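Numbering follows the UniProt record's numbering, with no gaps: position 138 of the sequence shown is 138. Cβ coordinates follow ideal geometry from the N, Cα and C atoms, glycine included. All of these numbers come straight from a predicted model, not from anything done at the bench. Here's the structure, in structure tokens; my notes come after.
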Amino acid sequence: MGCSSSLIGRSRQQKCSTSHSVSSYSKRKRHQFDENQICIIKKTWRHFAGDMSRVGCKVFLQIFLLHPSVKQLFPFRYVKGDALLQDPSFKAHAFRFMQAVGAAIDNIDNLDEALVPLLLGLGKQHTTFMDFKEEYFNYFSDSMMAIWKDELKSKFDEVTSLTWRLLFTCIMDTMQEGFRQAQQEKHSDKPVVERNGKTIEFNVV
């Protein structure tokens, strides 16, 4: 996955405009990006596509710094400092995360059909993490924005920032939807009884 050469080649032939008003972007339908937004994303993605492991590690380190409880979900929870950057499990997870972002960009022209099923599935998988909370998805969006700003410097202007925010929100909202679906499916398998006016769910062994 990642940004394919065909996409990179196409983005090099385009000139991206950053003169659109910010308000025009907020009216876009979910999973729908206009031609200029796609151009901006593909053009700036080239900065990350060649070093996804490093950038992915930065994203997770940012999350762990601001929200230490998230690190406790992973097998490398006790690995600290420079040792974490050398941990194979941590590096592999960071790389897979960036691959998912790359897949979104590769399919940005057809997100609903090509990518949404994958993201829903990834969201459902997160219910297997003990103590994973739905709000953690928002931590990823915020941390990616911080790392993108740090990496792109002056290129991360207002329009570029908002365009990436829309894509990150699209990705995380869809994963949240999958997460909620999986939770509802789990609950629907449990018998429900009423006791003292309260709904009680229990598992059948």
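query	result
Given that a residue counts as buried once 16 or more other Cβ atoms are within 10 Å of its Cβ, and exposed if not, what is F33?	buried
How close, in whole Å, do the beta carbons of C170 and L111 come, if the pair is a contact with beta carbons under 8 Å?	7 Å
Rounded C-beta distance between M145 and F168? I'm assuming under 8 Å.	7 Å
Just mark E185 as buried or exposed, buried being the case when its beta carbon has 16 or more other beta carbons within 10 Å.	exposed
Kindly indicate which three-state DSSP category F132 falls into: helix, strand or coil?	coil
Is H187 buried or exposed, if buried means 16 or more other CB atoms sit within 10 Å of its CB?	exposed
Do F74 and E134 come within 8 Å of each other at the CB atom, strictly closer than that value?	no
Quick one: Cα of D87 to Cα of M52, how far?	16 Å
Can you look up R77 in the DSSP assignment and give me helix, strand or coil?	coil
Taking just the CA atoms, how far does G56 sit from S143?	10 Å
Output the residue ranges of the alpha helix (DSSP H) runs that lie fully inside the UniProt domain "Globin" (32-180) and measure 4 residues or longer, sorted by chain position.	35-49, 52-66, 68-71, 82-86, 88-106, 111-114, 116-125, 136-152
Considering only residues of the same chain and omitting the five flanking positions on each side of R195, which have a CB-CB separation below 6 Å?	Reliability of the predicted coordinates at R195 is poor, the pLDDT of 44 falling under 50, and no value is obtained from them.
Just to confirm my understanding: we take S21, look at its own chain, exclude 5 residues before and 5 after, and list those with CB closer than 6 Å. What are they?	Annotation note: pLDDT 41 at S21 (below 50); position unreliable, no value reported.
When you compare each of S154, L162, R46 to M98 by their alpha carbons, which one comes out closest?	R46
Cβ atoms of T163 and I41: under 8 Å apart, would you say?	yes
CB-CB under 7 Å to K91, same chain, minus the five flanking residues each way: which ones, in chain order?	S53, C57
In three-state terms, what does DSSP make of E185?	helix
Using C-beta distances below 7 Å, list every residue in its chain close to Q176, excluding the 5 sequence neighbours before and after it, in chain order.	G123, E134, F137
Nearest-angstrom Cα distance between W148 and L118?	24 Å
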